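Read the structure below first, then the notes.
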Amino acid sequence: MNLFTTLIKDPFYIRLIGAALVLFIFIIAKRILSKLVIKFLSKIQFKQKRLDIVLFDCLQKPFNYLFLFTGIYMALAISPFIYYQTPSEQSFILGELTIPISIISKATLTKYYSVIIIGIITWAIYDLEHIYEQLFSNFNMRVALIDNTLFIRYMARIIRFITVTIGVMLILITLVPNLSTIITGVGIGGAAVAIISKDSIANIFSGMILLLDKPFVIGDWVELGTIEGIVEDISFRSTRIRTFTQGLVVIPNATIGNSNITNWSRMSKRRVKFDLGVAYATSTTQLKTCITKIKNYLETHPDIEADTSLVAFENFGDYALNIQIIYYVLKTDYPSYLAIKEVVNLELIAICDSLDISIAFPTQTLMIEGQNIQSK
Numbered sequence: 001m002n003l004f005t006t007l008i009k010d011p012f013y014i015r016l017i018g019a020a021l022v023l024f025i026f027i028i029a030k031r032i033l034s035k036l037v038i039k040f041l042s043k044i045q046f047k048q049k050r051l052d053i054v055l056f057d058c059l060q061k062p063f064n065y066l067f068l069f070t071g072i073y074m075a076l077a078i079s080p081f082i083y084y085q086t087p088s089e090q091s092f093i094l095g096e097l098t099i100p101i102s103i104i105s106k107a108t109l110t111k112y113y114s115v116i117i118i119g120i121i122t123w124a125i126y127d128l129e130h131i132y133e134q135l136f137s138n139f140n141m142r143v144a145l146i147d148n149t150l151f152i153r154y155m156a157r158i159i160r161f162i163t164v165t166i167g168v169m170l171i172l173i174t175l176v177p178n179l180s181t182i183i184t185g186v187g188i189g190g191a192a193v194a195i196i197s198k199d200s201i202a203n204i205f206s207g208m209i210l211l212l213d214k215p216f217v218i219g220d221w222v223e224l225g226t227i228e229g230i231v232e233d234i235s236f237r238s239t240r241i242r243t244f245t246q247g248l249v250v251i252p253n254a255t256i257g258n259s260n261i262t263n264w265s266r267m268s269k270r271r272v273k274f275d276l277g278v279a280y281a282t283s284t285t286q287l288k289t290c291i292t293k294i295k296n297y298l299e300t301h302p303d304i305e306a307d308t309s310l311v312a313f314e315n316f317g318d319y320a321l322n323i324q325i326i327y328y329v330l331k332t333d334y335p336s337y338l339a340i341k342e343v344v345n346l347e348l349i350a351i352c353d354s355l356d357i358s359i360a361f362p363t364q365t366l367m368i369e370g371q372n373i374q375s376k
């Protein structure tokens, strides 16, 4: 009874017990409070169930930490370890050590609590990328602005970048009270140039131009000079291309903006051009018949564009009579393209065999005094 009376009468223990109770309540109730706040926000903003799930997944953890640190702040604020004007003269005595009870001022506690809250809110807003994408997508559908999901992703990333920038600036202003004076003295333009280089700005604007102009999108097969592969991603600074040897090439957007871009995925058809060489022993009649049969075959092939095929006796080669063949394959993906070429080539061999025409190969004939003595 005497111990209880002592605790009740001593302000130190009253504040300590109160702080412990507040912290305990917030630790127990943080998940419930988080769910209630997120549910309230989802009812105000969204009608789609999928977005409600995304909102809950993105905000649950940040809000848990928000209420946890709020509980810690409130518990410390009423605890005896915080002083408002001047530190308390009370102290703990451990052996020869005297430890003061008042450890930190209320102003300092509030400053660091504000930094933590700014960080948590920045984290929560940063994680809402899917929500931003859906909002931009809905806006895009209403006004028919740009039919480009990549542009929507890029805008969501810009919001993320702005969010982090504002969050960092607010934290710095909170920690350094005279930061605004320093920035004003240096100049906003000078500070921006000091933080973001000229190349970075050029890359960001080039990325915006790429998204608006749309020379390619993610998944396209492109060629940039000596680099050829599939576009994997476009970010603020660079574009990532996966080459056919599975190497990942990261190219600055400014470099792409100044380069010639070949987008092979935009082909509506693919051209095939080559020479078919037949032996010099082939007669004129055989040659004409062969050309006619090849033309008829290409014109009737379902995967070859009609009325665009060209087959003609082009020239006299070193060891063959060259027939030039040009046609356009309607399927542009590489596996189908190769399969159609294979079918056509096999049919060309069959046509030559049916006419008893030999397909030429490199040969040399040595003659002495007009007599053939060796052929190889």
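Under UniProt numbering, think of the first position of the sequence shown as 1, with each following residue one higher.
Glycine included, every Cβ here is placed at the ideal spot set by N, Cα and C.
Quick caveat: nothing in here was measured; it's all calculated off a predicted structure.
Environment of residue i [buried if 16+ CB atoms lie within 10 Å]
i           : result
V22         : buried
R266        : exposed
F26         : buried
L175        : exposed
M67         : Met is not the amino acid found at residue 67; the sequence shown has Phe there. Burial call: buried.
residue 386 : Here the chain has residues from 1 to 376 only, and residue 386 is not among them.
V311        : buried
N322        : buried
T282        : buried
G247        : exposed
V278        : buried
Y334        : exposed
N253        : buried
K30         : buried
A360        : buried
L94         : Reliability fails at L94, whose pLDDT of 49 lies under 50, so the model's placement of it is uncertain and the value that follows must be treated cautiously. Flag for L94 reads exposed.
T165        : exposed
S238        : buried
T284        : exposed
L210        : buried
T308        : exposed
Y280        : exposed
Residue of the options minimising C-alpha distance to residue i
i    : options                : result
P80  : R15, N64, Y65, L109    : R15
K341 : Y328, T284, N322       : Y328
A156 : S235, I171, L224       : S235
A75  : D353, F161, F24, V37   : F24
I351 : V115, Q286, I173, Y73  : Q286
D353 : Q246, T363, I294       : I294
F69  : L109, S105, F40        : L109
V339 : V164, T255, V272       : Note that residue 339 corresponds to Ala in the displayed sequence, not to Val. Looking at the Cα atoms, V272 is the closest of the given residues.
H301 : I82, R240, V344        : V344
I117 : I325, S309, G167       : G167
K111 : C58, P177, I357        : P177
F244 : G229, L210, A107       : G229
E305 : I326, K214, M208, Y113 : I326
S268 : Y280, K288, D303       : D303
F274 : Y280, I162, N315       : N315
Y73  : N64, D213, Y113        : Y113
I28  : F40, Y65, I17          : Y65
L212 : I162, F161, Y154, T163 : Y154
Chain-order list of residues whose beta-carbon lies under 6 Å from that of residue i (same chain, five-residue window excluded)
i    : result
F216 : V222, V231, N263
R270 : V329, T332, Y337
D220 : V231, N263, S265
A19  : A75, I78, S79
M169 : none
T363 : Y319
Three-state secondary structure assigned by DSSP to residue i
i    : result
N322 : strand
T239 : strand
S79  : coil
V164 : helix
I357 : coil
I104 : strand
V329 : strand
Same chain, Cβ closer than 8 Å to residue i, neighbours up to 5 away in sequence not counted
i    : result
P62  : I120, I121, W123, A124, D127
N260 : L224, G225
A144 : In this prediction, A144 has a pLDDT of 44, which is less than 50 and means its spatial position is unreliable; nothing more can be read from the coordinates.
I291 : V311, A312, F313, I323
I82  : L76, S102, I103, I104, S105, K106, L109
I218 : L150, V231, E232, D233, I234
I227 : I241, T243, V249, I251
Residues near residue i in its chain [Cβ-Cβ closer than 7 Å; skip 5 each side]
i    : result
Q60  : S34, I38
E347 : Y297
S206 : N253, A254, I256, G257
I171 : V115, I118, G119
G317 : G277
V250 : S238, R240
Completely contained beta strand (DSSP E) runs for the segment 241 to 314, where each covers 3 or more residues: 248 to 252, 261 to 263, 270 to 278
Could you tell me which uninterrupted alpha helix (DSSP H) segments, each at least 4 residues in length, are contained entirely in the segment 202 to 233, listed from first to last along the chain? none
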